[in-house]
Every structure is written in structure tokens, then in C-alpha cells.
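Here is the structure we will look at, set down as C-alpha cells.
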Amino acid sequence: MGYKIEGDPDMAWLERSYGGKMIRPKPEVYIADDNGFGAIVTPWGPRHVANRVIEILRDHTMSARQDLEATSPFQKLSCLSASANSLRVALMLANDYLYRDDNKSEFVAGVEVLVFAKFHNELSIAQVGAPSLMLARQGMPLLPLCTQIDLSTEMSGPSRSLAPLPSNLLGLHSTTNLTVLSVRVQPDDHLIFLSHSFSTQLPRPLQDGAPSLNTITETLAKQSPELPFWLGVLTLAD
């Protein structure tokens with residue numbers, strides 16, 4: 003089992019949504035009990051699709067972790083670790099499912115996905131679309147790991163901000179454009195997940211110290227009160 007938590011300061015996972023004046027779909031989130039695996043899936047279409055994608059990602063990743071010699075329907079890349087390869091394959095399987103079952107004849111459903119797995123001190127990440135991901139470590143500036151720019155960001159100007167519109171979705175094509183990487187993490191590091199049209203423009207007060215869900219929410223809401231966003235913070239353990 004995993005858990006979905008909102009707002010409990012004693013838990014390792016916290017999340018919050020801010021509505022603004024526009025609409026941004028709220029993601030479905032799965033975080034394993036040991037924080038060693040997680041999937042954040044934002045549906046642009048029927049919400050049940052997001053839960054099915056989470057099942058595919060979780061089942062394949064857990065199976066690959068238990069059997070390192072298991073065969074894969076997709077080629078493994080020698081430049082990636084075993085963990086990163088399993089996430090990449092899991093996303094490709096999920097893409098095949100959506101494309102074959104939902105979108106073969108017409109576009110019905112698409113999702114943005116970020117999936118991660120932690121093995122010892124290696125954090126592997128695979129992603130299609132939002133959210134952006136930053137690493138927060140006490141006494142250090144925020145380190146952007148994955149930044150995502152959507153179509154509304156590309157088309158907005160100084161006098162207008164457009165409603166969120168994804169530029170990269172899983173399931174719309176037989177192939178998909180993935181971002182895959184691995185980083186070394188330390189105990190008590192924090193991962194900040196942010197779905198926001200201007201997530202790269204983080205204000206200076208957030209650049210140092212441990213993150214606070216309330217502080218980040220208030221700062222972003224004051225900076226762009228009309229723009230909706232979703233925010234998640236995960237504290238990593240040993």
C-alpha cells in the first residue's frame with residue numbers, strides 16, 4: 003500500500019493545490035510507504051486513466067526490482083542504471099497502453115507523468131510533462147532536476163497569462179519523448195514537485211533552507227495570483 007496525504011506536517015509527503023482564476027487538473031499521486039517509489043500522474047481527460055497508469059508504473063517497477071534479470075519488451079540503455087531503465091520501460095509500457103486502448107482512433111486521454119524510484123542513495127526519475135522537480139538540501143540553494151515548460155508559457159506575454167496547456171503528454175503517439183536521469187541524494191533531502199506554468203521562476207525567499215509547504219504556497223500565490231498550481235513536498239529518509 004501507499005498513501006495520499008494532504009497537509010499533515012508529521013508526514014513525509016505533503017501536497018496542496020491552488021486554484022487561481024484558471025483550471026489545472028489535480029494529479030493523482032501514489033507514494034510507497036517507504037518513500038522508495040512514487041508516481042505523479044496528471045490526467046487531461048478521464049481521471050480513471052491516471053490510476054491505471056499508476057498501476058502499470060508501480061507493477062512493472064516493483065517487478066523489475068525483484069527480478070533484475072527479467073526480460074523487457076524494450077531495449078535497455080547501457081547509459082542508464084538498472085533503476086532508471088526500469089522507470090523508462092514502465093513509462094513506455096504505459097504509453098503503449100494509452101495509445102492502444104484509448105487513443106488509437108481518436109484522442110480521448112493523455113497524462114503528464116513523473117515517476118521516481120530510490121535505491122540506496124540513487125534517485126532515478128522518468129518524466130513526460132509536469133511537474134517540475136527540485137531538490138532542496140538544508141543550507142544549499144534549490145537544485146532544479148527537471149523543469150517543464152508548457153504551451154501556455156510559450157505563448158504567454160508580459161500583458162497576458164494563458165490557462166495551463168500541456169506540451170507533452172503520454173499516450174498520444176506510438177512513441178513518446180521521455181526525460182530520464184539519476185542523481186545522488188542524502189537523508190533528509192526534500193523533493194519539491196511543482197506544476198506551474200512558470201515553475202522556473204522561483205522567488206528568492208525559497209532558495210535557501212528547508213522547504214515549507216505554507217511558505218512556498220503563499221509566495222507563489224502572491225507572485226502570480228491568477229495562475230493555478232499544484233505543489234508536493236517529499237522528505238527522503240535513509
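Take the sequence shown: its letters are residues 3 to 240, numbered as in my numbering.
Ideal placement from N, C-alpha and C gives every residue a C-beta, glycine not left out.
All values reported here derive from a predicted model rather than from experimental measurement.
Burial state of G234 is buried, judged by a 10 Å Cβ sphere holding 16 or more other Cβ atoms. Boundaries of the alpha helix (DSSP H) around K224: L215 to Q225.
With fewer than 16 other CB atoms across the displayed protein chains lying within 10 angstroms of its CB, Q77 is exposed.
Contact check for P133 and I58: beta-carbon distance about 19 Å, past the 8 Å limit, so the pair fails to qualify. Burial check for R26: the Cβ neighbour count within 10 Å reaches 16 or more, so the residue is buried. The segment 38-56 and the segment 116-136 touch, with no fewer than 3 CB-CB distances between them shorter than 8 Å.
For L82, the closest of N179, R139, E124 and I56 by C-alpha to C-alpha distance is E124.
Collapsing the DSSP output to three states places M136 in a strand. A straight line joining the alpha-carbon of V110 with that of V51 spans about 10 Å.
In this structure, the CA atom of A86 is about 14 Å from the CA atom of L147.
If you draw a straight line from the Cα of S74 to the Cα of T221, it is about 44 Å long. Where Q129 is concerned, the enclosing beta strand (DSSP E) starts and stops at E124 to V130. Closest option to L171, judged by alpha-carbon separation, among M94, S88, S19 and Y20: M94.
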